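There are 4 protein chains.
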Amino acid sequence: MYMFVLKSGADTSTLMEKLKSSSASYKTVDIYGKKVVIVWPDSEAEKINDDSIEISTKVKRPFPLASNEWKKEPTKIKVKDVEIGGEKVVVAAGPCAVENEEQTLTVAKAVKRAGASLLRGGAYKPRTNPYSFQGLGEQGVKILKKASDETGMPVVTEIMDTRDIDVFKTVDMVQIGARNAQNFNLLREVGKLGKPVLLKRGMANTVEEWLQASEYILSESNGNVVLCERGIRTFEKSTRFTLDIGGMIAAKTMTHLPVCADPSHPAGKRELVHSLALASVAAGADMLIIEVHPHPEVALSDSEQQLTPESFEVLMNRIKAVVSALGRKV
Amino acid sequence: MYMFVLKSGADTSTLMEKLKSSSASYKTVDIYGKKVVIVWPDSEAEKINDDSIEISTKVKRPFPLASNEWKKEPTKIKVKDVEIGGEKVVVAAGPCAVENEEQTLTVAKAVKRAGASLLRGGAYKPRTNPYSFQGLGEQGVKILKKASDETGMPVVTEIMDTRDIDVFKTVDMVQIGARNAQNFNLLREVGKLGKPVLLKRGMANTVEEWLQASEYILSESNGNVVLCERGIRTFEKSTRFTLDIGGMIAAKTMTHLPVCADPSHPAGKRELVHSLALASVAAGADMLIIEVHPHPEVALSDSEQQLTPESFEVLMNRIKAVVSALGRKV
Amino acid sequence: MYMFVLKSGADTSTLMEKLKSSSASYKTVDIYGKKVVIVWPDSEAEKINDDSIEISTKVKRPFPLASNEWKKEPTKIKVKDVEIGGEKVVVAAGPCAVENEEQTLTVAKAVKRAGASLLRGGAYKPRTNPYSFQGLGEQGVKILKKASDETGMPVVTEIMDTRDIDVFKTVDMVQIGARNAQNFNLLREVGKLGKPVLLKRGMANTVEEWLQASEYILSESNGNVVLCERGIRTFEKSTRFTLDIGGMIAAKTMTHLPVCADPSHPAGKRELVHSLALASVAAGADMLIIEVHPHPEVALSDSEQQLTPESFEVLMNRIKAVVSALGRKV
Amino acid sequence: MYMFVLKSGADTSTLMEKLKSSSASYKTVDIYGKKVVIVWPDSEAEKINDDSIEISTKVKRPFPLASNEWKKEPTKIKVKDVEIGGEKVVVAAGPCAVENEEQTLTVAKAVKRAGASLLRGGAYKPRTNPYSFQGLGEQGVKILKKASDETGMPVVTEIMDTRDIDVFKTVDMVQIGARNAQNFNLLREVGKLGKPVLLKRGMANTVEEWLQASEYILSESNGNVVLCERGIRTFEKSTRFTLDIGGMIAAKTMTHLPVCADPSHPAGKRELVHSLALASVAAGADMLIIEVHPHPEVALSDSEQQLTPESFEVLMNRIKAVVSALGRKV
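Residue numbers (the UniProt record's numbering), protein chains in the order written: chain A, 1 to 330; chain B, 1 to 330; chain C, 1 to 330; chain D, 1 to 330.
In structure tokens form, the structure reads like this:
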């Protein structure tokens with residue numbers, strides 16, 4: 001694939017005419033302050049030149065916009081005033097599922113006190129079984145918003161359906177879950193929505209497929225994507241999923257986007273969450289997302305893996321120690 | 001979980017009142033000519049009895065409606081006049097993607113002549129890469145419909161988005177693809193649509209998760225689901241996916257629903273499609289879905305794995321031989 | 001890598017001198033009636049030519065002797081008077097473990113009657129747990145030999161340790177099990193022993209690694225290797241392993257060696273063994289190896305997956321039907 | 001399974017008689033200063049009591065000696081004067097393969113200077129391909145011994161064959177590699193040898209199978225086993241293997257044995273070794289084993305993943321920082 005980075009303010013009308021009259025396919029994108037055109041196949045792209053083109057570059061990887069071949073400096077993403085991908089390691093914490101206002105607010109205050117920067121919580125819940133608790137939906141989003149207003153923490157929560165896009169206009173960061181990691185229409189809509197996106201890796205997706213999923217969002221002119229590793233499916237059953245820290249770091253060598261780890265879902269058990277969280281930040285994760293519940297034993301979902309606020313506080317202190325030993329902050 | 005199968009024509013008003021006033025959760029379903037109520041948790045379900053209940057039975061597996069614990073006879077599904085799950089092994093064939101009318105009609109006639117009963121073809125295409133050919137969408141569905149009218153073969157084609165439900169009202173059998181195998185909202189909508197469904201297994205889904213996905217459809221009172229194994233993700237790379245014939249047959253031991261195999265996607269290479277197709281029917285598949293293209297080498301997608309019409313005809317003859325050796329027909 | 005196939009009866013002394021004085025590495029092998037030299041790296045091999053060389057050919061795959069790049073016709077292997085890799089599909093059957101003389105002889109007679117050509121049975125047993133029954137060892141081999149003498153069926157049984165090579169001089173076909181599939185010293189010793197080898201694929205080995213394991217045997221001038229697929233490790237747990245029929249057939253497209261399937265170990269449950277056996281022969285397996293026990297419920301190992309003699313007989317009749325539908329015999 | 005821990009110095013003759021005359025199976029083991037008898041099945045074990053028995057306890061896990069159900073305090077293992085499993089995190093470093101004296105000594109001195117406590121190096125090399133460099137064998141062990149004498153670092157090196165046991169009498173710690181992780185005869189012989197063992201997890205072994213492999217060694221009265229996670233086989237190919245840090249820590253919750261991580265083999269690429277090493281110690285590994293070569297680009301094996309001495313020194317400083325942030329030392 002070829003990427004044309006256009007001169008700032010240049011007249012692109014002749015270039016567009018050349019593209020239209022060629023047999024090349026192309027897509028125009030506004031991203032990171034640049035106007036960019038992705039053109040393929042190479043044989044057609046190579047025939048085109050125009051005064052409006054500042055840089056014409058061949059991109060080897062199948063995710064040109066997400067690749068660090070053209071954009072070498074790491075991308076920093078702002079969720080309100082929280083920056084992801086910079087010196088600070090950002091921690092999002094909160095309940096697996098929003099169950100009610102009190103539960104959500106209790107957790108929100110506790111995780112904020114312990115040092116979390118973002119509030120997580122599931123309103124729309126993708127559940128394996130149709131008879132399980134399916135989340136509060138739009139009402140859950142409202143509860144999160146309220147907890148956000150009270151604590152000042154921006155909210156990250158999961159979208160499951162293209163029909164719900166309007167509800168997510170009030171959300172600070174939109175999460176694409178593992179089961180929708182290749183729901184391409186949803187990726188495109190979330191790209192168009194323009195909000196920062198936390199993109200989970202599908203449990204059977206290669207790193208390359210994950211980065212191509214992010215390309216669906218970036219190619220809609222939304223460059224604010226954080227890649228979130230949450231464990232892959234393997235034969236091992238002593239943990240729920242296998243957190244692929246190597247894959248997360250391999251992604252980081254290929255992209256300018258920040259990376260996040262979710263230690264809760266792969267652990268499946270509270271006692272392993274600490275180890276996986278510490279491992280992830282030591283490896284170089286820019287962000288963590290952790291499940292915390294005031295009373296995990298009565299949680300409506302994932303009761304085995306949610307931390308108590310007390311345990312989360314202990315973990316935050318250990319995270320701070322490790323992160324600062326490696327020259328970063330929380 | 002408990003299942004109450006209700007007496008035909010019984011007054012259910014007192015039962016409904018008992019359920020509402022209990023702390024049980026429940027879902028009422030009309031399926032296979034019966035009215036059924038799924039009730040949980042067991043401790044609450046056990047407390048309830050009522051004159052309208054014919055059978056009250058505990059179901060051990062997490063997919064009560066799909067389980068053969070309560071419905072022992074195999075389910076036969078009608079797609080227009082084609083019956084799936086009976087004595088005949090049904091073959092669906094056609095192009096990976098609908099590219100144009102001529103290509104589709106040519107293939108449709110060829111596969112019909114060779115013995116196929118259903119026409120397959122992708123209109124909405126889930127593509128790993130945003131810059132790949134994404135399918136013709138609604139126009140593709142119209143082309144399929146036309147080819148169906150000309151050949152008399154019912155059509156099976158994939159849905160990707162809850163917003164497209166209306167388009168699929170004209171389709172004979174709706175396919176849920178591997179990447180949407182746990183897109184639970186889509187499963188529910190397709191359940192409500194009431195059309196026969198070909199439900200592919202997600203590439204990282206266990207057999208139990210696959211059957212729970214089918215339960216999303218059945219619990220919307222749509223019992224017409226065919227389970228389609230299409231290869232799982234493993235470490236092996238000499239094939240594109242690993243066709244899990246053992247998993248397909250293991251599913252059959254737990255459910256009354258028919259099973260289908262897709263030998264094209266796991267093969268990834270034409271030369272292996274024959275072997276996997278023959279293996280699948282020998283193992284006991286009720287249906288096959290196979291990609292055929294008039295000129296695979298210029299196909300807009302999956303060009304490596306589509307059969308020519310000639311090769312498909314050879315395969316059909318071998319399938320007939322194997323199937324008849326085992327006492328079935330094509 | 002390069003392969004020099006030498007002229008029959010040619011004087012190789014000058015070639016050997018050239019090789020010794022070059023900086024190439026090489027290995028001389030007598031196989032399939034030819035003298036062959038494997039030479040690497042290519043840059044060095046290309047410099048060498050000699051009158052004794054009939055064919056000098058570059059081999060792309062990392063298993064030159066096992067590859068069908070140089071030897072296109074399928075290899076037929078004789079285990080006494082039983083030919084594997086020809087028109088007939090060969091079935092080996094017998095108990096998971098040899099438990100005593102009576103059990104072994106009873107099964108041997110039953111499987112012979114049903115149409116098996118080879119007797120299988122474990123004397124040395126690789127058990128996951130140190131406190132499980134570990135097999136009868138050398139005594140087990142003697143019992144097999146006796147059953148072989150009485151029934152006229154050649155014996156295939158597993159070797160686990162290089163120190164036991166002498167015991168296996170009396171065995172007709174030596175099996176390398178999945179857990180020793182990359183025990184390279186054992187592969188080499190079995191190569192030197194010169195007996196036909198049934199080489200199981202390691203449960204985490206790619207097809208390419210499996211073929212390289214066979215190359216360890218072939219490079220010791222023993223070309224009598226049958227490749228046996230027995231299921232790979234995947235996330236799916238409704239079967240014990242995932243029988244990779246696609247991988248087995250992919251191997252066959254790359255090698256001249258015959259392929260075998262073991263449907264018993266992946267099935268893990270009796271009810272699935274039939275389906276996997278039929279699938280394997282329909283796909284093109286040249287051989288099957290199946291566990292049969294007179295009383296599976298009291299077997300000392302693998303009691304869940306061993307067939308009764310009666311069930312085996314039913315299966316053999318179905319295998320015969322499928323195989324003959326595809327133009328082969330049992 | 002039952003475990004009888006015997007009274008120190010008690011007369012066991014009547015117990016042994018009772019066991020012999022019962023229909024129980026049993027194994028007597030001297031371990032951690034105790035005499036222990038493993039007895040099964042439970043129904044038989046429960047019938048036996050005797051004055052010599054101090055504790056009679058049912059063990060739920062299939063690895064009674066390795067389980068922390070009976071031995072709660074962590075086991076510390078001494079390799080000469082180096083203690084593994086205590087407060088200090090132990091680092092073993094050295095070349096993938098011993099190539100010659102100079103290379104080995106150069107690396108040994110460099111890794112010692114940087115803070116490594118043990119010297120690693122391969123003399124017997126399990127290579128996927130028969131035409132690859134197979135290691136120097138016994139000569140390689142002698143070179144390691146010499147480097148050990150000059151630097152004072154104990155040596156850990158891999159055994160591949162039961163026939164080589166005598167050579168390993170001079171080695172300080174014996175490694176069982178991933179490909180021999182279920183070579184049960186080798187495990188037993190290494191148990192009998194009595195040397196400390198570094199037991200790698202097989203690339204397709206579950207944590208439970210890995211612990212059962214360690215039980216083969218412990219049941220030969222050798223309690224000095226360190227469990228080494230080195231990456232499992234998954235579908236992901238951007239790394240060579242998937243380092244299963246979750247599985248390593250899950251093992252630690254079930255056993256008293258120390259755990260080690262090998263970040264070099266799963267990384268496959270130098271740039272990922274640092275991240276995986278830091279992640280492992282942050283998660284709680286008691287030991288690391290890392291490949292270092294004076295000139296990785298010309299190494300005879302694994303040239304892509306070996307660190308230079310300079311890079312190793314940088315890594316050691318980062319490891320020290322992380323480990324000390326978590327209250328341990330190097």
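We treat Cβ as the ideally placed atom computed from N, Cα and C, and that holds for glycine.
Note that the structure is a prediction, hence the values are computed from the model and not measured.
For residue i, does the count of other Cβ atoms within 10 angstroms reach 16, so buried, or fall short, so exposed?
{"i": "serine 21 of chain B", "result": "exposed"}
{"i": "asparagine 49 of chain A", "result": "exposed"}
{"i": "alanine 295 of chain B", "result": "Strictly speaking, residue 295 of chain B in this sequence is histidine, with alanine absent from that position. Histidine 295 of chain B comes out exposed."}
{"i": "residue 349 of chain A", "result": "Because residue 349 of chain A is not part of the residues shown, which for chain A are 1 to 330, the question remains open."}
{"i": "proline 130 of chain C", "result": "buried"}
{"i": "glutamate 87 of chain D", "result": "exposed"}
{"i": "asparagine 100 of chain B", "result": "exposed"}
{"i": "glycine 9 of chain C", "result": "exposed"}
{"i": "lysine 60 of chain B", "result": "exposed"}
{"i": "asparagine 183 of chain C", "result": "buried"}
{"i": "arginine 113 of chain B", "result": "exposed"}
{"i": "glycine 247 of chain D", "result": "buried"}
Counting contacts by CB-CB distance shorter than 9 Å, is residue i in contact with chain B?
{"i": "glutamate 313 of chain C", "result": "no"}
{"i": "proline 78 of chain D", "result": "Just to set this straight, residue 78 of chain D is lysine in the shown sequence, not proline. It does not: the Cβ of lysine 78 of chain D has no partner Cβ on chain B nearer than 9 Å."}
Checking 9 Å against the spacing of the C-beta atoms, do residue i and residue j come in under that value?
{"i": "valine 323 of chain C", "j": "valine 156 of chain C", "result": "no"}
{"i": "isoleucine 159 of chain A", "j": "isoleucine 176 of chain A", "result": "yes"}
{"i": "alanine 283 of chain A", "j": "alanine 279 of chain D", "result": "yes"}
{"i": "glycine 115 of chain B", "j": "valine 330 of chain B", "result": "yes"}
{"i": "valine 258 of chain D", "j": "alanine 277 of chain D", "result": "The sequence as given places proline at residue 258 of chain D; valine does not occur at that position. Not closer than 9 Å, so no."}
{"i": "valine 91 of chain C", "j": "leucine 288 of chain C", "result": "yes"}
Comparing C-alpha positions only, which one of the options sits nearest to residue i?
{"i": "arginine 163 of chain D", "options": "D:Glu102, D:Asn185, D:Thr12 and D:Thr234", "result": "D:Asn185"}
{"i": "asparagine 222 of chain C", "options": "C:Arg230, C:Gly202 and C:Gly194", "result": "C:Gly194"}
{"i": "glutamate 138 of chain A", "options": "A:Val281, A:Asp149 and A:Phe168", "result": "A:Phe168"}
{"i": "valine 98 of chain C", "options": "C:Leu257, C:Phe63 and C:Ala147", "result": "C:Ala147"}
{"i": "proline 41 of chain B", "options": "B:Lys142, B:Ala285 and B:Tyr2", "result": "B:Tyr2"}
{"i": "isoleucine 143 of chain B", "options": "B:Ala45, B:Leu105, B:Val36 and B:Tyr216", "result": "B:Leu105"}
{"i": "phenylalanine 241 of chain C", "options": "B:Thr234, B:Thr239 and B:Ser238", "result": "B:Thr234"}
{"i": "cysteine 260 of chain D", "options": "D:Glu313, D:Thr308 and D:Val197", "result": "D:Val197"}
{"i": "valine 141 of chain A", "options": "A:Arg120, A:Leu315 and A:Thr151", "result": "A:Arg120"}
{"i": "glycine 122 of chain C", "options": "C:Ala110, C:Leu136 and C:Thr128", "result": "C:Leu136"}
{"i": "threonine 308 of chain D", "options": "D:Glu291, D:Lys320 and D:Ser301", "result": "D:Glu291"}
{"i": "lysine 72 of chain D", "options": "D:Ile232, D:Gln305, D:Met254 and D:Ala321", "result": "D:Met254"}
{"i": "lysine 252 of chain D", "options": "D:Trp210, D:Glu304 and D:Asn317", "result": "D:Trp210"}
{"i": "glutamate 304 of chain A", "options": "A:Lys35, A:Leu272, A:Ile289 and A:Met287", "result": "A:Leu272"}
Are the C-beta atoms of residue i and some chain C residue less than 9 Å apart?
{"i": "leucine 257 of chain B", "result": "no"}
{"i": "leucine 326 of chain B", "result": "yes"}
{"i": "asparagine 129 of chain D", "result": "yes"}
Is residue i close to chain A, meaning its C-beta is less than 9 Å from at least one C-beta of that chain?
{"i": "alanine 114 of chain D", "result": "no"}
{"i": "serine 23 of chain B", "result": "no"}
* **Contacting positions in the region 219-246 of chain D - beta carbon closer than 8 Å to chain B** => For the region 219-246 of chain D, residues whose beta-carbon sits nearer than 8 Å to a beta-carbon of chain B comprise Arg233, Thr234, Phe235 and Lys237.
* Asked: According to a CB-to-CB cut-off of less than 8 Å, which residues of the region 270-296 of chain A neighbour chain D?
  -> Under the 8 Å Cβ criterion, the region 270-296 of chain A contributes Glu271, Leu272, Ser275, Leu276, Leu278, Ala279, Ser280, Val281, Ala282, Ala283 and Gly284.
* Asked: Got a sec: which bits of the region 166-191 of chain B sit with their beta carbon under 7 Å from any beta carbon on chain A, in order along the chain?
  -> So the close ones are Arg179, Asn180, Gln182, Asn183, Phe184 and Asn185.
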